[in-house]
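**Q** With the working numbering, the residue at position 60 of the sequence shown is 362, and numbering never jumps. From the three backbone atoms N, C-alpha and C, an ideal C-beta is built for every residue, glycine too. Following this message is one structure expressed as C-alpha cells.
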Amino acid sequence: MPTDDHAELMARCRATLPRQQELGENLIARYSEPHRRYHTTKHLVHVLTMLDQLADDHDVFLVQLAAWFHDAVYAVPPGQVSNEEASARLALRELSRVGLEQEDLNQIARLVRLTETHVPGPRDPEGELLCDADLAILASDPADYAAYLAAVRQEYAQVPEEDFLAGRLAVLTELADREIFRTSKGRQLAGAAQANLAAEISALLSNGSLRSL
C-alpha cells in the first residue's frame with residue numbers, strides 16, 4: 303500500500319519530470335530498500351522540502367534532480383566506488399534517457415558527488431543549496447535529532463560500537479569546526495545545528511567505549 307511519502311514523491315516527480323512515472327517509482331523503490339533506516343523516502347522528502355524552503359534565486363530544476371539521485375545508491379558498506387559516485391553514475395545513465403543535455407547531466411552528477419563531502423566551492427550556489435538541504439537535519443529539534451541518530455546507528459548495525467563511535471566523532475568534529483550552511487537562509491539554521499553537534503560530541507566523549515580507545 304502506498305505511503306504518504308510515496309504519494310508526495312510521485313506528485314513531486316510529476317511536477318519536476320512529467321511523464322516519467324516509471325523513473326520516479328524506481329527511485330522510490332531504491333529509497334525504500336529494507337536495509338535503509340535513515341536514507342529513506344522520508345529523508346528524500348525532507349531534502350526536497352528543504353530545497354523549497356532554502357532556495358532564493360537559485361535555478362532549482364537541476365538541484366531537484368540531483369536531490370532525487372543523491373542517495374539513490376546506498377550500500378553499507380559501499381561497493382567498489384562510493385555511494386555518491388555510484389548514485390552520480392546512475393543519474394547519468396537514467397537521465398540521459400529523459401533527453402537532458404549533456405551539460406545538464408554533468409551538472410547533476412557533479413552535485414550528487416558533492417554530497418560526499420558537503421563542501422561546495424566558491425561561487426557554487428546550486429551546490430550550496432543541495433548541501434544545505436541535505437544537512438538541514440542537523441538543525442532539527444531534539445526529538446527529531448535523536449530519531450535521526452538512532453536511524454543512522456541502525457543502518458550501520460554491523461559496525462562494532464567502538465568503530466562506529468570513533469567514526470561518528472570524526473565526522474561531527476569536522477562539521478563543528480567549519481561553516482555548515484552556506485546559503486543565506488541556511489545560515490539561520492547554524493545555531494541549532496551547532497547546539498545539536500556540541501551535545502552529541504559531549505555525549506560521545508563521555509562514552510566509556512570511546513574513552514577506552
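For the candidate residues Ile503, Ala411, Ala478, whose alpha-carbon lies nearest to that of Leu451?
**A** Here the closest residue by C-alpha is Ile503.
**Q** Excluding sequence positions up to five away, which residues of its chain have a Cβ less than 6 Å from the Cβ of Cys315?
**A** Hits under 6 Å: Gly326.
**Q** Taking Thr342 as the reference, give the member of Ala377, Pro320, Ala357 with the closest Cα.
**A** Out of Ala377, Pro320, Ala357, Ala377 has the C-alpha closest to the C-alpha of Thr342.
**Q** Is it the case that the Cβ atoms of Ala368 and Gln322 are separated by a distance below 9 Å?
**A** Not in contact: Ala368 and Gln322 (Cβ atoms no closer than 9 Å).
**Q** With burial defined as no fewer than 16 other Cβ atoms inside 10 Å of the residue's Cβ, what is the status of Glu463: buried or exposed?
**A** Its Cβ having fewer than 16 others within 10 Å, Glu463 is exposed.
**Q** For Leu407 and Ser398, which I take to be in contact (beta-carbon distance under 8 Å), what is that distance rounded to the nearest angstrom?
**A** Right, the Cβ-Cβ distance comes to about 6 Å (below 8 Å), so this counts as a contact.
**Q** Kindly list the residues whose CB is nearer than 6 Å to the CB of Ser373, restricted to its own chain and excluding five residues on each side of it in sequence; keep chain order.
**A** As written in the sequence, residue 373 is Asp, which differs from the Ser given in the question. Closer than 6 Å at Cβ, skipping near neighbours: His341.
**Q** Is Ile482 helix, strand or coil when you go by DSSP?
**A** Looking at Ile482 - three-state DSSP - the assignment turns out to be coil, as it is neither helix nor strand.
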